[in-house]
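Q: Chains as they are written, first to last, in this note's numbering: chain A, 23 to 803; chain B, 13 to 91.
#1: Pick helix, strand or coil for residue 204 of chain A, following the three-state DSSP scheme.
#2: Quick check on the burial criterion: 16 or more other C-beta atoms within 10 angstroms. Buried or exposed for residue 451 of chain A?
#3: Using Cβ-Cβ distances below 8 Å, what residues of the region 368-385 of chain A are close to chain B?
#4: Note the first and the last residue of the continuous alpha helix (DSSP H) segment covering residue 159 of chain A.
#5: Taking CB distances under 9 Å as the criterion, tell me whether residue 81 of chain B reaches chain A.
#6: Helix, strand or coil: how does DSSP classify residue 566 of chain A here?
#7: Under 8 Å: do the region 395-406 of chain A and the region 428-442 of chain A share three or more Cβ pairs, one atom per stretch?
#8: Could you tell me whether the Cβ of residue 63 of chain A comes closer than 9 Å to any Cβ of chain B?
#9: From the DSSP output, which residues share a beta bridge with residue 185 of chain A?
#10: State the DSSP-derived secondary structure class of residue 793 of chain A, mapped to helix, strand or coil.
#11: If residue 393 of chain A sits next to residue 305 of chain A, beta carbons under 8 Å apart, how far is it from one beta carbon to the other, in whole angstroms?
#12: List the whole-angstrom C-beta distance separating residue 489 of chain A from residue 454 of chain A, where the pair is believed to meet the contact cut-off of C-beta under 8 Å.
#13: Only counting the same chain, and skipping five residues up and downstream in sequence, which positions put a Cβ closer than 8 Å to that of residue 805 of chain A?
#14: Tell me the residue span of the alpha helix (DSSP H) that contains residue 586 of chain A.
#15: To which residues of the same chain is residue 464 of chain A closer than 7 Å at the C-beta, ignoring the five residues directly before and after it?
#16: With a threshold of 9 Å between beta-carbons, can residue 41 of chain B be considered close to chain A, or not?
#17: Taking only three categories from DSSP, how would you classify residue 63 of chain A?
#18: Under a Cβ-count criterion, where at least 16 other Cβ atoms within 10 Å of its own Cβ denotes burial, should residue 231 of chain A be classed as buried or exposed?
#19: So is residue 740 of chain A buried or exposed if we call it buried at 16+ other beta carbons inside 10 Å?
#20: Over the uninterrupted alpha helix (DSSP H) stretch that includes residue 484 of chain A, give me the two end residues.
#21: Can you give me the C-alpha to C-alpha distance between residue 15 of chain B and residue 601 of chain A, rounded to a whole angstrom?
#22: Looking at C-alpha atoms only, which residue of A:100, A:625 and A:212 is the closest neighbour of residue 535 of chain A?
#23: Verify whether the separation of the beta carbon atoms of residue 106 of chain A and residue 233 of chain A is less than 9 Å.
#24: Taking the alpha carbon of residue 456 of chain A as the point to measure from, which residue in A:791, A:725 and A:28 has its own alpha carbon closest?
#25: What would DSSP say about residue 689 of chain A, mapped onto helix, strand or coil?
#26: So the beta strand (DSSP E) residue 298 of chain A belongs to, where does it begin and stop?
#27: Less than 8 Å between C-beta atoms, sequence neighbours within five positions excluded: which residues of the same chain meet that for residue 295 of chain A?
#28: Please determine, among A:728, A:755, A:757 and A:756, the residue with the shortest C-alpha to C-alpha distance to residue 743 of chain A.
#29: Short check: CB of residue 366 of chain A to CB of residue 779 of chain A, under 9 Å?
#30: Determine the chain B residues that contact residue 509 of chain A at a beta-carbon separation under 8 Å, and present them in chain order.
#31: What are the boundary residues of the alpha helix (DSSP H) that includes residue 172 of chain A?
#32: Closest to residue 787 of chain A by C-alpha separation, out of A:348, A:608, A:446 and A:548, would be which residue?
#33: Could you check whether residue 269 of chain A and residue 770 of chain A sit closer than 9 Å to each other, using their CB atoms as the reference points?
#34: Looking only at DSSP bridge pairs, what is residue 511 of chain A linked to?
#35: So if I threshold CB-CB distances at 8 Å, which residues from the region 565-576 of chain A count as touching chain B?
#36: Of all the options A:570, A:325 and A:374, which has the alpha carbon lying nearest to the alpha carbon of residue 346 of chain A?
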């Protein structure tokens with residue numbers, strides 16, 4: 023059936039292509055009434071559909087066939103007409119130049135023929151001195167020279183050939199190829215020669231037409247051909263209209279049928295996965311179902327039984343999940359959370375019952391994006407765009423928007439949230455289309471001086487965001503960079519801590535309590551003794567009033583402080599000491615960090631090994647040992663061999679214990695975490711880098727276009743301003759919103775995937791794939 | 013306007029968190045809404061407080077060379 027529907031669609035497409043001015047309408051799927059594939063009448067519906075499709079196909083195929091045959095005939099008749107016309111021309115010309123034609127003494131025909139017959143033949147012509155006999159026909163233009171040459175060689179020059187072009191090409195109805203043909207007429211004498219000519223002509227692909235020597239008969243033949251052509255074209259026109267009717271009927275129903283066939287195919291593919299139990303004459307399927315939905319499924323099965331009128335009810339039997347089989351992961355999403363779940367699933371599908379990072383990504387992802395994007399103006403544009411997509415989401419979901427717009431549409435809720443958070447961060451960075459906003463009292467005053475002036479703090483702090491006095495200052499980047507870098511580190515350390523803490527619910531749920539002490543605690547201690555300390559020092563340095571007389575030291579360079587903490591632990595530059603006992607505290611933190619490394623490395627393998635030994639000690643026998651029930655010889659070698667993996671598998675549910683593998687795994691894990699701590703923390707500096715790039719691009723774009731256009735006055739200024747505004751706006755949307763937006767999206771995603779998910783996400787699951795009719799494919803896929 | 017403002021806003025954020033926790037209606041989406049409210053509040057507070065603290069006791073001052081001072085108008089010096 024699918025094949026037939028494909029055939030119909032191609033026929034419709036061809037017909038529409040050849041008559042673009044009055045196409046046959048194909049009713050869309052929305053307007054077609056739904057044909058149900060379930061219920062008591064499903065079987066009859068299928069059979070009916072099958073027969074209908076077969077009928078239509080037969081009719082259409084027949085029509086196509088007869089149409090092409092008739093076109094063939096039409097072509098032949100046209101050729102015949104051309105031949106007759108051209109030969110008429112030959113004879114007329116030949117009559118006017120009689121001297122050039124060689125008289126034949128012996129025409130080679132039977133001398134037994136009476137003279138009168140011959141004369142009758144000849145005189146029936148237009149009184150010419152012709153007594154040549156001839157062959158007339160058509161041949162492809164390309165073949166003509168070859169044809170002439172062959173004839174010349176074969177007949178040794180004993181022929182006279184004339185040919186004209188047929189101006190109008192013949193179009194092949196099936197392939198659409200147009201061929202140019204020529205009419206030829208060959209005069210020769212002798213039946214053998216004529217026979218040879220005929221054979222050559224046919225072998226070269228030419229068609230011969232009977233042409234009479236007499237003009238009167240030729241006129242008659244021409245008239246006859248003309249009449250036949252007219253009849254034929256009438257028939258063809260009528261055929262085309264009936265074919266159009268047929269196609270119209272098809273067009274109305276095509277989409278509906280297509281959908282039915284698609285759905286049926288899907289159901290059949292699913293049913294193929296069932297096994298047939300011959301003894302009990304039932305189909306049995308094993309599958310997964312969400313626990314919460316079991317009641318709904320049972321209700322649906324009952325409903326199906328009633329609807330189809332079956333006598334035996336289908337049974338749903340819940341099997342206990344075997345230990346070594348992991349069920350599929352199923353996160354219930356709605357239209358809002360779907361996109362967030364997708365971007366996390368692109369990294370890896372969560373293991374069964376693991377903490378789902380997508381829940382937190384609904385906020386942390388747009389937030390980290392916003393830190394890199396902060397500009398109120400661009401954010402507003404983004405939010406409005408997303409809001410529009412959401413307002414029209416029902417209509418847009420049905421429309422075919424293409425791959426790129428479709429992707430943006432799929433993530434409309436992500437874009438909305440990103441926009442809203444970016445408005446917030448834009449207010450904090452005090453950046454709207456590269457301009458600053460002066461909403462509150464600033465914390466700086468400008469002293470009245472000449473030249474380069476340095477502002478003086480007036481004791482007031484700008485309450486929300488970056489002080490607008492910084493906007494446009496020569497050294498604003500010095501302050502802004504320092505602020506943004508420190509902010510990135512603080513946000514990074516907090517995000518990573520959050521990610522490490524997400525290990526806790528996993529450990530508690532899966533009962534791996536030992537891992538809390540073996541992995542979680544040393545990781546937190548390691549991260550915080552170095553970078554948590556850095557964060558605290560950053561905040562402490564900010565909150566210290568360095569201008570007050572009670573502070574005798576100068577503000578320390580925090581980077582140097584961190585480096586010397588490692589290079590020369592315990593010694594502090596006195597001029598830069600922040601608090602009493604700093605040397606001791608830093609040394610202590612360093613030692614804690616150092617202890618954490620072997621802690622992470624050794625604790626877990628040791629615990630696992632001890633657990634394994636306990637299990638062995640409790641009397642589980644391995645296969646092939648202790649057949650008389652006696653205690654196994656605790657030979658060191660045998661135990662060693664078992665630990666290296668030479669022991670047989672124990673009880674079916676137990677995992678194969680291999681010390682070497684565990685040790686290697688733990689080494690990798692520890693190194694990854696420790697080195698990752700430093701590199702990931704630095705990686706968060708991209709929050710600073712991208713927001714700096716965005717701010718600078720935005721500023722340059724304004725300075726280079728609008729700032730220059732706001733100067734000139736008069737009507738030229740107005741015109742120039744309008745033109746420059748268009749340019750500026752297009753560049754803002756294209757470069758700053760779209761390009762920077764995509765870039766910040768990518769980097770925020772990377773931060774989630776690598777820096778955050780790398781700390782807790784197991785991602786060892788596979789998705790739950792139920793049968794669904796939700797698809798937009800073409801038939802045949 | 014001092015460092016104590018940060019502590020004040022912190023207290024306000026804690027109150028808002030609790031309010032959000034208890035106000036959220038029961039249903040399929042309760043976890044989602046609660047998580048989002050709490051995370052949003054803390055993220056925004058974090059960013060605001062970092063920005064505020066960075067400007068409390070600044071170590072450098074803005075400097076520019078293109079300021080024009082206007083004459084006193086209505087008793088206020090206009091930049």
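Virtual Cβ for every residue (Gly too), placed ideally from N, Cα, C. Being a predicted model, the structure only gives us computed values, none of them experimental.
A: Reading off the structure:
#1: strand
#2: buried
#3: 381, 382, 384 and 385
#4: Element bounds for residue 159 of chain A: not the alpha helix (DSSP H) but the beta strand (DSSP E), 155-162.
#5: yes
#6: coil
#7: yes
#8: no
#9: A:206
#10: coil
#11: In fact, because the Cβ distance is near 56 Å, the residues do not count as touching under 8 Å.
#12: Not really, about 15 Å apart at Cβ, beyond 8 Å.
#13: There is simply no residue 805 of chain A to check, as chain A begins at 23 and stops at 803 in what is shown.
#14: 580-589
#15: 484, 489, 490 and 491
#16: yes
#17: coil
#18: buried
#19: exposed
#20: No alpha helix (DSSP H) holds residue 484 of chain A; DSSP gives it neither H nor E.
#21: 19 Å
#22: A:625
#23: yes
#24: A:725
#25: helix
#26: 297-299
#27: 307
#28: A:728
#29: yes
#30: 59, 62, 63 and 66
#31: 166-177
#32: A:348
#33: no
#34: Beta-bridge pairing links residue 511 of chain A to no other residue.
#35: 565, 566, 567, 568 and 569
#36: A:374
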